[in-house]
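Q:
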Amino acid sequence: MAVLPVLAYPDPRLQRVSAPVECFDDDLRKFVGDLTETMYAGPGGVGIAAPQVDRLQRIVLVDVRPKLGEDCHGLMVLVNPELVAWEGMAVGREGCMSVPDFTGNVIRAEKIQIQARDVQGRDHFYECEGFEARAVQHEMDHLDGLLFLDRLVSRKTDLFRRKKYQPREP
Ligand code: NI
Numbered sequence: 008m009a010v011l012p013v014l015a016y017p018d019p020r021l022q023r024v025s026a027p028v029e030c031f032d033d034d035l036r037k038f039v040g041d042l043t044e045t046m047y048a049g050p051g052g053v054g055i056a057a058p059q060v061d062r063l064q065r066i067v068l069v070d071v072r073p074k075l076g077e078d079c080h081g082l083m084v085l086v087n088p089e090l091v092a093w094e095g096m097a098v099g100r101e102g103c104m105s106v107p108d109f110t111g112n113v114i115r116a117e118k119i120q121i122q123a124r125d126v127q128g129r130d131h132f133y134e135c136e137g138f139e140a141r142a143v144q145h146e147m148d149h150l151d152g153l154l155f156l157d158r159l160v161s162r163k164t165d166l167f168r169r170k171k172y173q174p175r176e177p
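In terms of our numbering, the sequence shown has 78 at position 71, counting the first letter as 1, and numbering is strictly consecutive.
1) Smallest Cα separation from Met104: which of Asp32, Phe31 and Leu156?
2) I want to check one thing, is the minimum distance from the CB of Met104 to the heavy atoms of the ligand NI below 7 Å?
3) May I ask you to report which of helix, strand or coil DSSP gives Asp165?
4) Indicate whether Val67 and Glu146 have their beta-carbon atoms separated by less than 8 Å.
5) State yes or no: is the C-beta of Gln122 within less than 8 Å of the C-beta of Val91?
6) Count the other CB atoms, across all protein chains shown, that sit within 10 Å of the CB of Val28; report buried if there are 16 or more and exposed otherwise.
7) Let me check one thing: in DSSP terms, what residues is Asn112 bridge-paired to?
8) Would Pro58 be called buried (16 or more neighbouring beta carbons within 10 Å of its own) or exposed?
9) Assuming Tyr133 and Met83 make a contact with CB atoms under 8 Å, what is their CB distance in whole Å?
10) Pick helix, strand or coil for Gly137, following the three-state DSSP scheme.
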C-alpha cells in the first residue's frame, strides 16, 4: 500500500465531477487500500474521497473512530454512494485534508440513509447520524467537485484559520 499525494485548494482539479465505478476488480481494491492508508496518514483524517488524490471515481472512505470511538460504523468504504433519505439540519465545524489551513461551520442533515457498493460490488445500506453523517456528506460533496468552503453561509463569520503550533522557545 502507499500514501498518495493529496490535492490542495485552490487546485481546480478538486472541482471536477467524478464518474461511477463500473469495474470491481483488483485495481479498485488496490486503490482503496492506498486511499485508506492516505486517510489514516493525514492528521485527524476521518474521511477522504478519490478525487482528492486525482482519481475521478465515486469512492469515499469515512472512519470517525478518532472522534467518536467505537460508537459508529468504523471504516466505511462507499463506492457509488447515493443519499436516499435525510432529516434534520445542524451546524457543525468541518476540516478537510485538501484545505489544511482552515476549518468552517457548515449546515448538514443530522440523519441520513445511504446506499453504496463495497469493493466487491455488493450493495449495502447505512444509517448515519451526527458527526458520522456530517463526514459522509462532506466526502460525497467531493464527488461533485464541492468543498466545505462552497457551503459556508458566510466567509466572514464561518471560516476559521487553524492554529499553527509553533515550537516553544528554549
Ligand atoms: Ni474534504
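For each residue, glycine too, the CB sits at the ideal point set by N, CA and C.
A: Taking the coordinates as given:
1) Leu156
2) Yes, the Cβ of Met104 comes within 7 Å of a heavy atom of the ligand NI.
3) helix
4) yes
5) yes
6) Buried is the call here.
7) Residue pairing by DSSP places Asn112 opposite Arg100 in a beta bridge.
8) buried
9) That belief holds up - the Cβ atoms of Tyr133 and Met83 are roughly 7 Å apart, short of 8 Å.
10) helix
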